[in-house]
Every structure is written in structure tokens, then in C-alpha cells.
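Chains as they are written, first to last, in the numbering used here: chain A, 1 to 530; chain B, 1001 to 1530. Below: one structure, written as C-alpha cells.
Protein chains: 2
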Amino acid sequence: MSTATSTVRPVLVAGQWRDADYQTTFQATDPNKNESLAAEFPVSSWEDCDAALDAAVEAARELRRLPAEKIAEFLERYADRIDAAKDSLVESAFAETGLGKSPRLADVELPRTSNQLRAAAAACRTGNWALPTIDTTAGIRSCYEPLGPVCIFGPNNFPFAFGSVSGGDFAAAIAAGNPVIGKANSSHPETTRLFAQEAAEAIKETGLPPATVQLIYRTSHQDGERLVSDPRVGATGYTGSRSAGLALKAAADRAGKPIYLELSSVNPVVITPGALTERAKGIVGEFMMSVLMGTGQFCTNPGLVMLLKDTATDKFIDAVTEKFKSTAAGTLLSPAVAKNLALSVEKLCDYGAELLTGGGEPETDRCAYANTLLRVSAAAFLGNPDGFQTEAFGNASLLVVADDVGQLCEAIAHLEGNLTGCIYSATDGSDDKVCQTIAFELTPKVGRLLNDKMPTGVAVSAAMNHGGPYPATGHPGFTAVGVPGSLLRYGKLTSYDNVRPHRLPAILQDKNPTGETWRLVDGIWTTGDM
Amino acid sequence: MSTATSTVRPVLVAGQWRDADYQTTFQATDPNKNESLAAEFPVSSWEDCDAALDAAVEAARELRRLPAEKIAEFLERYADRIDAAKDSLVESAFAETGLGKSPRLADVELPRTSNQLRAAAAACRTGNWALPTIDTTAGIRSCYEPLGPVCIFGPNNFPFAFGSVSGGDFAAAIAAGNPVIGKANSSHPETTRLFAQEAAEAIKETGLPPATVQLIYRTSHQDGERLVSDPRVGATGYTGSRSAGLALKAAADRAGKPIYLELSSVNPVVITPGALTERAKGIVGEFMMSVLMGTGQFCTNPGLVMLLKDTATDKFIDAVTEKFKSTAAGTLLSPAVAKNLALSVEKLCDYGAELLTGGGEPETDRCAYANTLLRVSAAAFLGNPDGFQTEAFGNASLLVVADDVGQLCEAIAHLEGNLTGCIYSATDGSDDKVCQTIAFELTPKVGRLLNDKMPTGVAVSAAMNHGGPYPATGHPGFTAVGVPGSLLRYGKLTSYDNVRPHRLPAILQDKNPTGETWRLVDGIWTTGDM
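Have a look at this one:
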């Protein structure tokens, strides 16, 4: 069946780097030169998916027999290998994504990635993620357990920290005890391959099942939908465009398979005149940093700024417009990102937004688009709320100016679900009452509410919610970042009712398995033995 | 619009008992006489749903402003009113379902129902269900919050404990801070109306928003699908048949609305020859009780018994067959249940199951079906695993006899997701190794694993999982019974990032709001202040 040749990159299936089964290939683009990179990657046929699924089922069985400690060791060993391979990973990601080598890739995203794996290892080792619960009166004990093979579709914008075999979804799925079938993002397949190499070596070194981590680069849409709905799959994690994500969701839903999506988000930021009167310069700087840093290519990019008609607001708009004009446009991840950004800006203009600056391609060979600011009245926004929530992924933002707080709140009431929402207000509390009204409307629409802070930092914290109501994600109860939330997505709840003590999983036995595992025993959280 | 007359029961919308908007009506049946009951109930048009949704949105907003204490007070007041209204509730439920007045309805299900509401009140009051999490280093705090109006579709088999305005789903949705739109089960609309009356009075007494609890009796399928996918809805809870549940799921999924389903389950029970050699008589009794109690109409009815070829097994089969023959068949919930049971048994026979006893209607005016036992070899089961997993809801069970443990495990590997799975084995541990092999296969297939105990008791416990993999439910991570799991289904995760202290929800402020709320603070569970 295979038509592979030595110039086409192999897939990682069942612990072997082997020739893919494919009809066509693809190449990534260097966005700094807008030129195709040399390496060719296969578009796998269903045969590759099928083989990976069979191997994953076997790996899932083996993983269930292993102590959590072994999985934690793998995650830590893999994290160490990533740190050691920093230079080649950064070179590859720079070539494939155009993201800055330093600080972005080498000093921010890479350490975040390896530390995320270490945090997942800690959660795996203690089992704290599994919410072990013991009811001595009823004789019932419960915990979360692995769900089965997890498919991970990584996004284009974080080749390390959200990568399909290195990022947060990956770490969560593995730490919960599941093997992963990674589908590389087509914009950085070589970087993903390098990660898979390190993972495969770490697997060998720590004795995990060979198919714990597998990698394919691309499939047809049809095979992607078949993959996420296959009976052998436990769940899927997807980060990317809304249209592709919803197609996968429809397939997974029909088969009753959980799928966790992180889709689009415009991340509304409300800035009161009180905040601007007090500290406009600082806020202009924070907004600039947030929307132009990484060329705006963050899930939590502030794409919608909601303002109240005021002279302070006018000055703010003038100042950011000036700054957007005078700042060089960054490099976008790919020609497709540049094209989609142009299309989205065009749409917003067609709907009636005023272009304050930008709106075209700068003169450069790089994949790029001018820093773009648009403006619309809240009245016009309310005439077409769906249209004006078109996500313009990249270095662009839409300013919505309301006549009064009532109109601002009406606009908020028309927002779709978002990952984040922010409120900037006066520090002296003079507009607190207004902010309370705004927060009451905004909070149900977002996964994370911020005060006086731009949304683009996503801390790896137990209290982080990188999630939110549909269509920002597929389920409002889960986070893609942080422990235990991100792991629970890949867990199955199991009760043990009257099960003989020696047959219980270690985490539910009378003796606390680590001495530091938190367990809810008869309504009291404790790390003690029973 | 309304075509109501005084003989047709009113719906409860926005705190008012008002004439429904309807074209047709329906009546419940007394299964003890197989005769229609007098009361007429409207099949509501979309106008009723629409009005209830508008009112629910307003109630959801008001509920968000109330302290948890107020909601807890309502739940407790409602529980007290249910206890006080016991006689009329039991009379009505007996007439509509044929379930025994005592002990079943009056002494088991009713106290369970009111106590379930009190347990939900306690979880609401402390906020323990919301998993409040505080990260002082990152300055981020998170908790679960209400999701918005919840639609509850109750099942036919528990008119009190799973009732759409009285049961576990209802208690969970309200305790999480959401208003409920209840859709009565068509087999016991009058009983549901009586509950709604008590709820409405308790709402008045405790000052909750009038639309906190609303009730309609029935809609067209089309309007039901429109209801669960309406933008105003937060989530849906459904317990009932697989076909109707999956139609609702498809509609809700398309709209990105969470829906929690409890569908069919055959609840495999494995009994080893070792267990039978040791204590056959006791196991026969337990099995009889479990499958014939309530005429087998439990979600966790043991519908599939998996045995190993052995003389002890033969004796067990003879003994239960004899007992099934000599025990009078109970009353089924409705003519539809009797008809579906007959159809399912017919199907199992068509597939090749041997009818050991039963398989027809006894001579009685009641809705009833003979106690039915069927038998099939594991080899035949493996030839048509889907067919032989047809749920025969009621007083029937299929015995599957395997040649050896390998074949038994292969049959288990072909099981769909189930609510429960049991293993009976020798108490002296002589078959422990075999049981370990069996449990390894069975556990991933079920939400609750039992040892030496039939599955029909579902304790209201923090460690209970009344859930399981698809198609037993729609999501393997949630339970319909117990706290906090059942409440989390109706919650939205929200992070507060850098939010000013006085703007935080009470549960996330430095001071522990109740002195007994468990919060995860910097990785440590504590009830203390910060």
C-alpha cells in the first residue's frame, strides 16, 4: 500500500518511524520569506489512522497496568529532553512560524512547555487530579480514571506550548493515563516531528508502551472526522479554527465521543472613561503590547474593545491609532493567516466598521498585514452583532463606542461565548457601580474575567480557566490549561461499590498512596490514611 | 392563542398556573386497571416553551444576585412540604405508575427525594460543589457558577426521586443556582403537577424568583428539540429512552448546548462458579430481589448475567428459572412499557436466545408481563453482540454462558457503555486471579463497579457514580446522583484574574464565607480564611 520514498517524512506509529501510507504530500511555508520549506510531509490515508488506533488501544491497556509514577517519570524525562533540544526546536519553529526566537520561542514558550509537562507529572504522581472520594458509610469510593486513546489536534499559534505532542492538551491526556495520537498542525510539521522524536526516546528510556505517543501530520477532512468518532477513541482535544472544529465536533457528537474544542474568541475588553482619565498612557501601552505582541496571534488576543463616548475615549483612540501606525507590522504565521486576516477586516468594513489604520499588506516579503484598528458605534454593532464579532485573527482590533452604559450592556448581552473578558476602571473606585453592572453582564459570557489587565497571559495555574461558553469552546465546564481541570477532560468517573479492599486502585485504598494525595473522605479533604 | 378549558390542567409559567397554549391533550393510564385516568393534560405549543424560556432567563438573572443561603432555604422548605404532602403524592403516583404505595413510594422513594433536596441544599449553602480554587501567587481564583436555565426531562420509573421538578437532576440544577423548566413524564403528569404546586408555594414562602420552577407536561418532538437547543437555555438533563434522548442530544449538540443523558443500560453481572459453589442460595435471592423488585424497572436492573459453564452454574440457572416461574409478575408502569418489553423479548428470541421462562402476558387486567429469563451461549452472543444487548426494560434478564474465562472476557470487550457492572466471586479468594482479569475488562465499560452486590441500590453519596460511558449516558465524566458531581453538570467554570477583592464572589473572597467551605488554596484544601 505504501508509496513512500525516502524524501517524505515518516509517521510515528506503534513506536516505529515508518513510511506513511499516502497519496499526496504537503510542505510548510517559511513566513519570513513566504517560501515553501524543503521537507515533504505525507497526507496519511485511513490505513495510517487505523494502525495508530490499534496500537493506541494496546498502549491504553498497558498504561492502565502501570503505576502513575512511571507515567510521571516519562513526562519529566520528556521535559528534560525538550529543554536539552531547545536550539533545534527553536530553529525549526522559527523557520515554520516566524515567531521570534528570543524571547518568545526560546525563553518563554519553551520553558513554559517543559514546565507544563512537569506540572502534569506532579498531578499524575499524586493523583490529585482524579478527585479521589471515599464514603466509608456507604462503602463506595470513586475517582477519575483514564478514558482511552486521545487524539490531539494542535493549533498553528503555539508550536510548543499547545503542540499536539508537546502542549497542554498532550500533557493532560498523558498525565490522566491515556496514549495520544497527535495530528500535527500543517503549519509546523517539522517542529512537531522533532518533539515526537524526543517523546519516542523518552518512552524508550522510561519503559512506557511504544504507542504512548504517535504522530501523523495530516489526513483528509473525512478521515479526520472518522478518527474522532472511531469506537477505539476515548476523546479528542482540538484547538484551531471554528469551521474545522465544528465539523469534528459534529462527527464526535454523533458517535457519543467527548471532544474538547478551543475555537475562536474576540475577548472583549471594556475600558471606562474613569480608567482612561486616570492612566491612559499605561493602558495604551498595555493594549499595544497585548494586540501586537506575537502579531496578535493569541487565542486571547483583545479583538474587541468596548468604550464609552467621552473625550478621554477619543484621546485613547487617537493615541492607539497613532501607535498602530508607527509600529512595524510583525510576521504572521502563514500565508493562510494573512489571507484570513485580510478577509475578516474586509468583512468588518463591509458591515460598516470605519478603518482607523491598517487594512492592507505592508511592503515586505514576509507574511504580514498592517497593524489594523477599526471602529464602530455600539448602535451599529447592535444592528449586526454576529457580523461584528467576526474574529480577525492577528494584529487587528475593533473598537466599539457606546453612547452610555445601557447601550454598552446591551452590546455585551449580544456577545457570543468568549475565553476572556476584561474591565479596566478607575483605581479610586469612582466608577465601581458602573463596573458592577458591566461585570454582571460580562461574566456569564466569558471563561475568565480580568480587571485592569490584558488577557494575553495565560498562567498555568490550578485556578486558571482557559475555556468559556460556546462557541469559544465546546463545553463551559472545562479548562484547557491548569490542573486538575485540563486533566479531567480526559478522565472517566468510576465508582467502586463494595469492592474488596485489595482490588481497589491504589489511590482509593485505606493507605494514602503517596502521603500527599488529597482525598475527600466522608466530606473532609485530607492527605491522611484512613 | 389559548384554547384551554377548565377541564384541562394548567401549566406553571412565570409563577402563574395558567391555561396552556395547545391543540391536543393526553391522559395518563392507571396500570393497575389498564384504564385512562380522568385528568387531561395539554400538549404545549412552542408559545408555552417560549414564555417559559423568557421567564427563566429573568429568573436566572435574579438568582445570580441572591445569596446561596436563600436557594438552600427554598430547597429545604420544598423538602418539608413534600414530606407533608406525602399522602396525596403517594396516592397520585400509585394511580399513575402502579408502583407500590408502601414501602416503595411512601417509605423509600419519598424520603429519598426530600433528603436529596436537603443534601443539595447543604452543597448549595457551603458552596463545596463549586470547587473554589485560589492561587495567591498568580492572583487568580476560580469556581463553578450557574450556567443558566436548565430543562429537565424526567423518566417514567421514579415519579419522585428522578421527577422533573423534584428529583436528582432538579435538585442539582437548582442548588447550582439555575432555574428549571420541567417537562413532566407523560406517564405521571398529575404527580408532577402536585410537586410543582408544592415547589411554587415554597418559592413564595422563601421569596425566590417566581419562575425558578416552571412546568409543562408535553410538547411535540420538534418543539422538544427546539427547547434544548434554544439560545436561552443553559443545559438539559434527560433520563429516558435511548431513541428520544439521542434525538434531543443531536439538537443540543448542534447548538453547542450541554445535555446530560441517562439512557439505556443492561448492567452486566458476572457470577463465578466459585461464588455459586459457596453461596448459590443467597445469590439466587439477591438476583430475584434485584430483577423483580419494582418489576425490574430500574436504570440499574441486572439485565445481563454472565456465567461460566459449570455444574454450579447449571444449578443456579435451574433455581432462578424456578423462582421466576413461581413468583407473581408485578405491575408495569404503563401499557407502553409492557409493549416494549414484549418487543424486546421477541427480538432476543429472534436473535436466538432460549426462553427459559416467561415471554408472554399473564392473565390480568394490570399492565404486566411474565417474569422472563432468557439464555444464550457466549459464542452466540459474540455473533450478534449489539442484538443481544437490546435492553428489555422490566422483569426480564438474559443469561450468557461462556465456555471459559477467555470467551467471557471477549464478550465483555463487546459490551457497550453501562451504568454498572458487578462481579460475584468466592469469598475465600480462590478465584481472585480470574476476577482480576474480568475486572480489568469490565471497569472501562461501566460507571460503577460492584463486588458481591446487586446494582439496583443507588446511594446518594459523594462517591456515587450514577453515570457511565456512552450510550449509558452522554458523557463519561459526570454522575446524575451525588454531590458535587451531579451539580457540576449545571455549572460553568469561571476564573477571576486580578479581579479586585471586593468584586469577587463571596466564595472566593479572603474570608471563608461559611467557615466550613472547602477551598483549594495554593494546592492545599482548607476551610480556613486566607
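Beta carbons are placed, not taken as given, at the ideal position from N, Cα and C, and that holds for glycine.
Please report the straight-line C-alpha distance between A/S229 and A/I259, rounded to a whole angstrom. 9 Å
Given this structure, state the Cα-to-Cα distance separating B/D1138 from B/Y1496, to the nearest angstrom. Residue 1138 of chain B is actually Ala in this sequence, not Asp. Between B/A1138 and B/Y1496, the C-alpha separation is close to 11 Å.
Contact with chain A by B/A1462, beta-carbon distance below 7 Å: yes
Any contact of the stretch 478 to 496 of chain A with the stretch 458 to 466 of chain A, i.e. 3+ C-beta pairs under 8 Å? yes
For B/Y1369, does the three-state DSSP call read helix, strand or coil? coil
Residue environment, B/P1476, which counts as buried when at least 16 other CB atoms sit within 10 Å: buried
How far does the alpha helix (DSSP H) with B/L1292 in it extend, from its first residue to its last? 1273 to 1292
What ranges does the beta strand (DSSP E) occupy inside the stretch 1377 to 1460 of chain B, keeping only unbroken runs of at least 3 residues that lie completely in it? 1396 to 1402, 1418 to 1424, 1446 to 1451
Between B/E1035, B/P1149, B/E1096, B/E1198, which has its C-alpha nearest B/A1060's C-alpha? B/P1149
Can you pull the DSSP bridge partners for A/T473? A/E262
Whole-angstrom C-beta distance between B/D1403 and B/A1380, which should lie under 8 Å: Rounded, the Cβ-Cβ distance is 12 Å, inconsistent with contact.
Contacting positions in the stretch 1387 to 1409 of chain B - beta carbon closer than 9 Å to chain A: none
With 16 other Cβ atoms within 10 Å as the buried cut-off, status of A/A84: exposed
Supposed close pair B/T1133, B/I1082 - CB separation, criterion 8 Å: About 34 Å separates the two Cβ atoms, so there is no contact after all.
For A/E531 and A/I412, which I take to be in contact (beta-carbon distance under 8 Å), what is that distance rounded to the nearest angstrom? Residue 531 of chain A lies beyond the range of chain A shown here (1 to 530); nothing can be said about it.
Three-state secondary structure (DSSP) at A/R65? helix
At which residues does the alpha helix (DSSP H) containing B/K1223 begin and terminate? First, the amino acid is wrong: residue 1223 of chain B is Asp here, not Lys. Taken as a continuous stretch (DSSP letters only), the alpha helix (DSSP H) holding B/D1223 covers 1221 to 1228.
Closer than 6 Å by C-beta to B/S1461: which residues in its own chain qualify, once you throw out the five before and the five after it? Chain order, please. G1482
List the whole-angstrom C-beta distance separating A/S334 from A/N156, where the pair is believed to meet the contact cut-off of C-beta under 8 Å. 7 Å
Beta-carbon gap between A/A275 and A/S397 smaller than 7 Å: no
Less than 6 Å between C-beta atoms, sequence neighbours within five positions excluded: which residues of the same chain meet that for B/A1319? V1284
Run through chain B and tell me which residues come within less than 7 Å of A/I140, C-beta to C-beta. A1459, S1461, A1463, M1464
Going by beta carbon distance, what residues of the same chain come within less than 8 Å of B/A1039, once the five residues before and after it are set aside? R1009, Q1027, A1028, P1189, E1190
Is the distance from the Cβ of A/Y217 to the Cβ of A/A184 below 7 Å? yes
Listing by chain order, which chain D residues have their CB less than 7 Å from the CB of A/P210? No chain D is present in this structure, whose protein chains are A and B.
Run through chain A and tell me which residues come within less than 7 Å of B/D1253, C-beta to C-beta. D253
Minimum C-alpha distance to A/S102 - residue among A/V90, A/K433, A/L307: A/V90
Tell me, please, whether the stretch 91 to 111 of chain A touches the stretch 190 to 205 of chain A by the rule of three or more beta-carbon pairs shorter than 8 Å. yes
is_contact[B/R1448, chain A] using C-beta, thresh 7 Å: yes
Quick check on DSSP: helix, strand or coil for A/Q116? helix
Under a CB-based cut-off of 7 Å, is A/G282 close to chain B? no
When the cut-off is 7 Å and only beta carbons count, does B/P1476 lie next to chain A? yes
Hey, B/T1357 and B/T1321: beta-carbon distance below 7 Å or not? yes
For the stretch 1512 to 1526 of chain B against the stretch 443 to 456 of chain A, are there 3 or more C-beta pairs whose distance is under 8 Å? no
Answer yes or no: do B/L1508 and B/R1226 have a C-beta to C-beta separation smaller than 7 Å? no
Exposed or buried, which one is A/K204 when buried takes at least 16 other CB atoms within 10 Å? exposed
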